[in-house]
Amino acid sequence: MLFALRISVFALAIGDAPRRSPAQDSSLTIAVIPRPARMTVHTGRFRLTADTRIWTDHASAALGARFARYLEPATGLTFVLRSGGPQPSGGITLALDGSLKRLGPEGYALDVTSSRVRIRAAEAAGLFYGVQTVLQLLPPAIYRGAPTEQREWLIPAVSIEDAPRFSWRGAHLDVSRHFMPKEFVKKYIDLLALHKMNTFHWHLTDDQGWRIAIAKYPKLTSVGAWRPETLVGALQEDSTAWRFDAQPHGGFYTQSDVREIVAYAGARFVTIVPEIEMPGHSVAAIAAYPELGVTTYPLSVATRWGVFSDILNADSSTVAFMQDVLAEVMTLFPGRFIHIGGDEADKAKWKASPAIQARIHALGLKDEQELQSWFIRQMDAFLTAHGRRLVGWDEILEGGLAPNATVMSWRGTEGGIAAARAGHDVVMTPWLRTYFNTYQSLDSAREPLATGPATPIDSVYAWEPVPAELDSLTARHVLGAQGQVWTEYITGPKGAEYMAYPRLSALAEVLWTPRALRDPRDFASRLAMHVLRLDALDVNYRR
Ligand code: ACM
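Residue 253 in our numbering sits at position 253 of the sequence shown, and the numbers go up by one each step.
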């Protein structure tokens, strides 16, 4: 059944009027993304007007205020808010309801009739997702930042009971290769919330720039956040073909910026997973503090892409340095998960270094793989002792997985399968399906420079995050998945939005909606309406 239902009141009133486009009669179309787990459409609609009252229980007052703030810019209306006291029988109401525990911590029930809009949930996150659904039941113009010509604000009568399939529904953003301004990071988080995504993986450090201020080590940003120039065009193997743009590039987030963004995300039920790369992808850190490196020659912040052979050493002082960094990171980010990278750590310099070989011997390890594993274990023990959990890319399996590690399976699904079978949690991030820095169509000549091969939106939508190899017990270790936006070839916000959307809209549905309800044709018809929301929000999605 298609869920992009045209409610028939309009058609009944005007008989055989020519079929209108969603843009013209969008107030009568239901097109919620991600598709709710259970929805019944009734006749009638609720009319939002200047007289509409919003009521919440005591605990949900802040959510009521946020809801009003969502509605006010486009409608130009101001809503009367009331919290506590008896629940009114009409208007918009938001209330926690312990009897809905069966819908889980993020589930909600929504009932819309001609006289009321009632949102109930066991926990605040569920109420927030109920609000997101109400916004999507309104005309797309509700997302505009200023009053519009839309005259009627109608919400079709529905009953919905909804809850997510996975608990980790996310998107990553690389702000190292190209720095992304704070206001854009907030917009990125807003878009995640609109899609009922709950995790933002913030890739804060890499070879080409260190982007988070660390008070104890100021050179990480005074030196590590800046590069004098950047490679132009695609990375060629032939270094004589490299051309650089002569444009300094950089930037970083102060700890006050980070606190502001963390609070902003928290108010939208988005948890931030910060990533601090180690022991590879660390050129910017070594440029700032050469004593972290293996070689003695000075390094500069990287100005081109690719995997570098420069790597952290494994001295106790380097381990302590990175733990100091993580200690500050933990004061800024309240979420449980801290990402330590771990990917693409080229071991050649470790192999060639007598000091590293002596270290491997002294630690009683077999080889460089075990040294990487040892290094990650130091971080795992440190984070675990502080009540946090380590996440790393799937290379952290090599040489032995740290006891409490969660694995992001990016090179394929094998890492995720191996980790889940070993009893570890996994987040599925296979590059062929979830890397949104790849081309969006097979006709790459018509697309902005990207990474190949293509990952068109239909292949994202068709993807099943739980590998077929896992039985139902081990499949429980698949927490969910996320889309990746690596920014080597994405120089700013517009480009990031172009690559992320609408592919993230498809992934949001993969991660929220029961598998049996996923239907590509139905999704495509809802997406036609959904992009009007993205238009209203000035999102530069790929058309
Ligand atoms: C990765 O793409 N190197 C995680």
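Quick reminder that beta carbons are idealized off the backbone N, C-alpha and C, glycines included.
Fair warning: this is a prediction, and the values are worked out from it, not measured in the lab.
Rounded to whole angstroms, what's the CA-CA distance from residue i to residue j? Just pull it up for me.
| i | j | result |
| --- | --- | --- |
| Ala-124 | Arg-388 | 23 Å |
| Leu-365 | Met-330 | 30 Å |
| Gly-306 | Leu-235 | 8 Å |
| Ala-355 | Thr-384 | 29 Å |
| Arg-47 | Ile-155 | 6 Å |
| Lys-182 | Asp-471 | 42 Å |
| Tyr-143 | Glu-328 | 37 Å |
| Arg-35 | Glu-509 | 6 Å |
| Thr-487 | Tyr-435 | 11 Å |
| Pro-86 | Ile-54 | 13 Å |
| Asn-404 | Val-158 | 44 Å |
| His-281 | Phe-67 | 41 Å |
| Tyr-264 | Gln-132 | 16 Å |
| Leu-532 | Tyr-541 | 11 Å |
| Ser-21 | Thr-78 | At Ser-21, the pLDDT of 41 sits below 50, so the modelled position is not reliable; the number obtained from the coordinates is stated separately. Each residue's alpha carbon lies about 30 Å from the other. |
| Thr-429 | Thr-296 | 36 Å |
| Glu-395 | Ile-376 | 11 Å |
| Ala-267 | Asp-522 | 31 Å |
| Leu-2 | Pro-279 | Caution applies to Leu-2, whose pLDDT of 31 falls short of 50 and renders its modelled position unreliable; the value that the coordinates give is listed next. Roughly 49 Å separates the two Cα atoms. |
| Phe-179 | Leu-537 | 22 Å |
| Ala-285 | Pro-88 | 58 Å |
| Trp-242 | Val-232 | 7 Å |
On a Cα-Cα basis, can you pick out the residue from the options that is closest to residue i?
| i | options | result |
| --- | --- | --- |
| Asp-310 | Pro-334, Arg-336, Arg-543, Lys-347 | Lys-347 |
| Gln-323 | Ala-61, Leu-299, His-339 | His-339 |
| Ala-450 | Tyr-498, Pro-139, Pro-147 | Tyr-498 |
| Ser-60 | His-530, Pro-139, Ser-114, Phe-128 | Phe-128 |
| Gly-423 | Arg-476, Leu-77, Trp-202, Phe-321 | Arg-476 |
| Arg-421 | Leu-397, Trp-410, Ser-282 | Leu-397 |
| Lys-101 | Asp-162, Asp-111, Asp-51, Leu-77 | Asp-162 |
| Ala-146 | Gly-84, Ala-74, Gly-126, Pro-140 | Ala-74 |
| Ser-256 | His-203, Ile-214, Gly-342 | Ile-214 |
| Tyr-489 | Trp-512, Ala-62, Asp-174 | Asp-174 |
Excluding the 5 residues preceding and the 5 following residue i in the sequence, name in chain order all residues of the same chain whose CB lies nearer than 7 Å to its CB.
| i | result |
| --- | --- |
| Ala-454 | Thr-438, Tyr-439, Gln-440, Ser-441, Leu-442, Ser-444 |
| Val-258 | Ile-212, Leu-332 |
| Gly-335 | Thr-271, Ile-272, Val-273 |
| Thr-230 | Phe-244, Asp-245, Gln-247, His-249, Thr-303 |
| Trp-382 | Looking at the sequence itself, residue 382 is Phe, so the reference to Trp does not match. If we look at Phe-382 and ignore the five residues flanking it on each side, its Cβ neighbours are Gln-323, Leu-326. |
Is any heavy atom in ligand 1 found nearer than 8 Å to the beta carbon of residue i?
| i | result |
| --- | --- |
| Trp-168 | no |
| Asp-207 | no |
| Trp-463 | no |
| Met-408 | yes |
| Gln-482 | no |
| Tyr-435 | yes |
| Asp-343 | yes |
| Trp-393 | yes |
| Trp-305 | no |
| Trp-202 | no |
| Trp-486 | yes |
Excluding five sequence neighbours on each side, which residues of the same chain lie with their C-beta closer than 6 Å to the C-beta of residue i?
| i | result |
| --- | --- |
| Gly-483 | Ala-171, Thr-434, Phe-436, Leu-504, Leu-507 |
| Gly-400 | Ser-373 |
| Leu-103 | Ala-163 |
| Arg-545 | An answer regarding residue 545 cannot be provided, because it is not within the stretch 1 to 543 covered by the chain. |
| Val-185 | Ile-261 |
| Val-319 | Gln-378 |
So, at 8 Å on beta carbons, what are the nonlocal neighbours of residue i in its own chain, with the 5 sequence-adjacent residues on each side left out?
| i | result |
| --- | --- |
| Ser-317 | Glu-291 |
| Phe-321 | Tyr-217, Tyr-289, Leu-292 |
| Pro-298 | Ala-287, Pro-290 |
| Leu-517 | Arg-35, Ala-37 |
| Asp-544 | Shown here, the chain extends from 1 to 543; a query on residue 544 therefore has no answer. |
| Ala-462 | Pro-520 |
Hey, would you say the C-beta of residue i is under 8 Å away from at least one heavy atom of ligand 3?
| i | result |
| --- | --- |
| Trp-431 | Summarising the ligand content, the structure contains ligand 1 and does not contain ligand 3. |
- Task: Run through the region 466-495 for me and flag every whole alpha helix (DSSP H) of 4 or more residues, listed as ranges in chain order.
- Result: Counting only runs of 4 or more, we get 472-475.
- Minimum length 3: unbroken beta strand (DSSP E) runs contained in the region 229-294: DSSP runs (the beta strand (DSSP E)) wholly in the region 229-294: 271-278.
- Task: Tell me the start and end of each unbroken alpha helix (DSSP H) in the region 343-390 that is at least 4 residues and wholly inside, in chain order.
- Result: Listed in chain order, the complete alpha helix (DSSP H) runs (minimum 4 residues) inside the region 343-390 are 348-352, 354-362, 368-385.
- Message: What ranges does the alpha helix (DSSP H) occupy inside the region 296-347, keeping only unbroken runs of at least 4 residues that lie completely in it?
- Response: Residue ranges of uninterrupted alpha helix (DSSP H) with 4 or more members, entirely inside the region 296-347 and ordered along the chain, are 316-332.
- Considering only residues of the region 29-77, which uninterrupted alpha helix (DSSP H) runs meet the minimum length of 4 residues and lie entirely inside it, listed in chain order? If we require 4 residues or more, the alpha helix (DSSP H) runs fully inside the region 29-77 come out as 61-75.
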